[in-house]
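Asks: If you're matching positions, the sequence shown starts at 0 in numbering that gives the first Met the number 0 and goes up one per residue.
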Amino acid sequence: MEDVLDLYAEAADPKRPVVCFDESPTQLIGDVRQPIPAVPGQLERYDCEYRRNGTANLFVFLDAHRPWRKVKVTDRRTIRDFAECMRDLVDVHYPKAERIRVVLDNLSTHSPGALYEAFPAPQAHRILRRLEFHYTPKHASWLNMVEIEIGVLRSQCLDRRIGDRKTLDVEIAAWQDQRNAQADAIKWMFTTQHARSKLLRAYPDPDKES
Numbered sequence: 000m001e002d003v004l005d006l007y008a009e010a011a012d013p014k015r016p017v018v019c020f021d022e023s024p025t026q027l028i029g030d031v032r033q034p035i036p037a038v039p040g041q042l043e044r045y046d047c048e049y050r051r052n053g054t055a056n057l058f059v060f061l062d063a064h065r066p067w068r069k070v071k072v073t074d075r076r077t078i079r080d081f082a083e084c085m086r087d088l089v090d091v092h093y094p095k096a097e098r099i100r101v102v103l104d105n106l107s108t109h110s111p112g113a114l115y116e117a118f119p120a121p122q123a124h125r126i127l128r129r130l131e132f133h134y135t136p137k138h139a140s141w142l143n144m145v146e147i148e149i150g151v152l153r154s155q156c157l158d159r160r161i162g163d164r165k166t167l168d169v170e171i172a173a174w175q176d177q178r179n180a181q182a183d184a185i186k187w188m189f190t191t192q193h194a195r196s197k198l199l200r201a202y203p204d205p206d207k208e209s
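Structure representation (structure tokens):
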């Protein structure tokens, strides 16, 4: 816990950025009947019946020290999908960074070994030399700042029916670009000092051990 919180407390360093990463499934929900458009004095109306059109997966990146986020929409969340996200971090999003500190949870696919399963060893090694994984404690994914961003995404963009992958891609890209253009950022307030004073159960009691 303190390892992650100390990363958040650091000053921004373009050479050593801190990127929070997580994934979240979302359902594709379509209309059975065409909605009735809004008119003056009347809101748009939807029929209560809907159609399930499968699911998509959202990989979400969030820079802890600057107002930047990236959402990658995929059909699945396999080991290869995770490995490709890490390759994107190194080669596309932060090509000039010396080392990228990645905050993520303990999902089984979130491991260095995933890159060796997805890519030839030389390529996996090249990518991992630029990455440094920092895991949140088990059952404490709330310590990952990107969880807040996923909540914002759901409330601002995914709070309505989106029935197909193409529309989902367009809507999420528009939301992402607007958030980045507006320089929207998350102000993280919970520090290591707060943790030590408020989460006493997370720390051993030296008096009991003596």
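Ideal Cβ placement from N, Cα and C applies to all residues, glycine included.
Since this is a predicted model, take the numbers as computed values, not measurements.
(1) Which residue marks the beginning of the beta strand (DSSP E) containing Val72, and which one marks its end?
(2) Which residue marks the beginning of the beta strand (DSSP E) containing Leu167, and which one marks its end?
(3) Is Glu83 helix, strand or coil by DSSP?
(4) Closest by CA to Ile147, which one among Val59, Asp163 and Ile99?
(5) What does a CB cutoff of less than 8 Å around Ile155 pick up in its chain, not counting 5 residues either side in sequence?
(6) Leaving aside the five residues before and after Arg98 along the sequence, list all residues of the same chain whose C-beta is less than 7 Å from its C-beta, in chain order.
(7) Just the Cα atoms here: how many angstroms apart are Ala180 and Leu198?
(8) What residue does the alpha helix (DSSP H) around Glu146 start on, and which one ends it?
(9) Taking Asn105 as the reference, give the member of Thr166, Ala55 and Phe20 with the closest Cα.
(10) Using a Cβ cut-off of 7 Å (strictly closer), state whether Val72 contacts chain B.
(11) What does the Cβ neighbour count give for Ala55, buried or exposed, with the cut at 16 atoms within 10 Å?
(12) Span of the alpha helix (DSSP H) holding Arg195?
(13) Alpha carbon to alpha carbon, how far is Gly162 from Gln33? Give it in angstroms, no decimals.
(14) Run through DSSP, which three-state label would Gly112 get?
(15) Could you tell me which residues DSSP puts in a beta bridge with Val59?
(16) I'd like to confirm something about Val59: is its beta-carbon nearer than 6 Å to some heavy atom of the ligand NAP, or not?
(17) Which one of Val3, Gln26 and Gln41 has the shortest CA to CA distance from Arg51?
(18) From the DSSP output, read off the bridge partner residues of Leu27.
(19) For the beta strand (DSSP E) that contains His133, what are its first and last residues?
(20) Taking one C-beta from the region 60–68 and one from the region 165–172 each time, how about it: are there three or more such pairs within less than 8 Å?
(21) Would you tell me roughly how many angstroms separate the C-alpha atoms of Leu88 and Phe118, rounded to the nearest one?
Replies: Based on what the coordinates show:
(1) Arg68 to Thr73
(2) That residue, Leu167, is in no beta strand (DSSP E); its alpha helix (DSSP H) goes Arg164 to Ala180.
(3) helix
(4) Of the candidates Val59, Asp163 and Ile99, the one whose C-alpha sits nearest the C-alpha of Ile147 is Val59.
(5) The amino acid occupying residue 155 in the given sequence is Gln; Ile does not appear at that position. Around Gln155: Trp174.
(6) Excluding residues within five positions, the ones whose Cβ falls inside 7 Å are Arg15, Arg129 and Glu131.
(7) 37 Å
(8) Val145 to Gln155
(9) Nearest Cα to Asn105 within the set Thr166, Ala55 and Phe20: Phe20.
(10) Looking at the structure shown, chain B is missing, and only one protein chain is on hand.
(11) Ala55 should be labelled buried.
(12) Thr191 to Lys197
(13) 12 Å
(14) helix
(15) Asp21 and Val70
(16) What this structure holds is no ligand at all, so the ligand NAP is not there to describe.
(17) The option with the nearest alpha carbon to Arg51 is Gln26.
(18) None; Leu27 has no bridge partner.
(19) Leu130 to Tyr134
(20) Look at the beta carbons and you see the region 60–68 not touching the region 165–172: under three pairs across the two are nearer than 8 Å.
(21) 15 Å
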